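Q: Take this structure, written in structure tokens, and hold onto it; I'll ask about it next.
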Amino acid sequence: MKPATAGILGVAAAALAMEGVVRAGWVSPLVVAPPSALPEAFRRMWDEGFILHPALITLAQAFAATGAAAAIGIPWGYVLWRRPVLGEAYTPWIGAAFAAPTVLLFPLFLVLFGRGYATTIFVGFIAAAIPIVLKTREAFVAVPKVLLDVGRSFNLGEGGLVRRVAFPAAVPGIFTGLRLGLIYALVNIIGMEFLIDFGGLGRIASEMYFRFEIPGMYVAILLIVLVSWIFLAALTRLETWLRPR
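Numbered according to the working numbering, the sequence shown spans residues 1 to 245.
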């Protein structure tokens, strides 16, 4: 059986089990929506404009936050690798920041940027940049020394050594950081949307929750999963394209 088929069958089995549990009265529909109610909730939310525009807003925010984090985090991680003193000095501090719940700083960002997209994007950017920096440095550190020595034996300069040897070898580790960064950016952006009732799918999930429209809330959650899947699939394609053949 193919992995994709197994995954689809697993999701279908879980949906059937959830439907049976709710219909049997073991779980209240105010807690878990029966899957059969989701298509009607989706249609109603689409007609009310609660699907496409919020999904695009969340996509755009996640793209902006992760893109900015990659633009700053990858060069920063490279510098920490090229300058071991800086790496040893700053990596523990960055690791400590990674463990901190940065979303709790949202009152400060609300004061600085107001209740708008700048706040949600900045929170996502901070959450994404930290794992990207750490994993980029880790990826370059893990490049086998023998590969670098072979590059030097072909008289490659420092620029050529990084471009032709170190970077291609570090691509898998860098993309691990990008995936982590994307996940943390999405979690924090959607959490901020939920908390401040502003933005895209997080706001829709919050609104459906407070309106006790449980099927609509689960539709918003499934759309969040879909947005995450789209980004992860795009990163996988990009990694395949960048990897040496």
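The C-beta atom is built at its ideal place from N, Cα and C for all residues, glycine as well. Just so we're clear, the structure is a prediction, and the values are computed from it rather than from any experiment.
Considering only residues of the same chain and omitting the five flanking positions on each side of S228, which have a CB-CB separation below 8 Å?
A: L182, I183, L186
Q: For a quick check, are the C-beta atoms of G173 and K135 less than 7 Å apart?
A: yes
Q: Please list, in chain order, all residues of the same chain as A37 whose beta carbon is under 6 Å from its beta carbon, the five residues on each side excluded.
A: P215
Q: Taking A100 as the reference, give the member of R83, G87, V123, G114 with the closest Cα.
A: V123
Q: Going by CA-CA distance only, name the one from W93, R82, A118 that's closest to A255.
A: Here the chain covers residues 1 to 245 and nothing more, so residue 255 does not appear.
Q: With L105 and Y90 assumed to form a contact (beta carbons below 8 Å), what rounded beta-carbon distance in angstroms separates them?
A: About 20 Å separates the two Cβ atoms, so there is no contact after all.
Q: Does DSSP put N155 in a helix, a strand or coil?
A: Three-state result, N155: coil.
Q: Between the region 186-206 and the region 162-177, do at least 3 Cβ pairs fall closer than 8 Å?
A: no
Q: Could you tell me the boundaries of the alpha helix (DSSP H) in which L30 lies?
A: Here L30 belongs to no alpha helix (DSSP H), and DSSP marks it neither H nor E.
Q: Hey, how far is the Cα of V27 from the Cα of V21?
A: 6 Å
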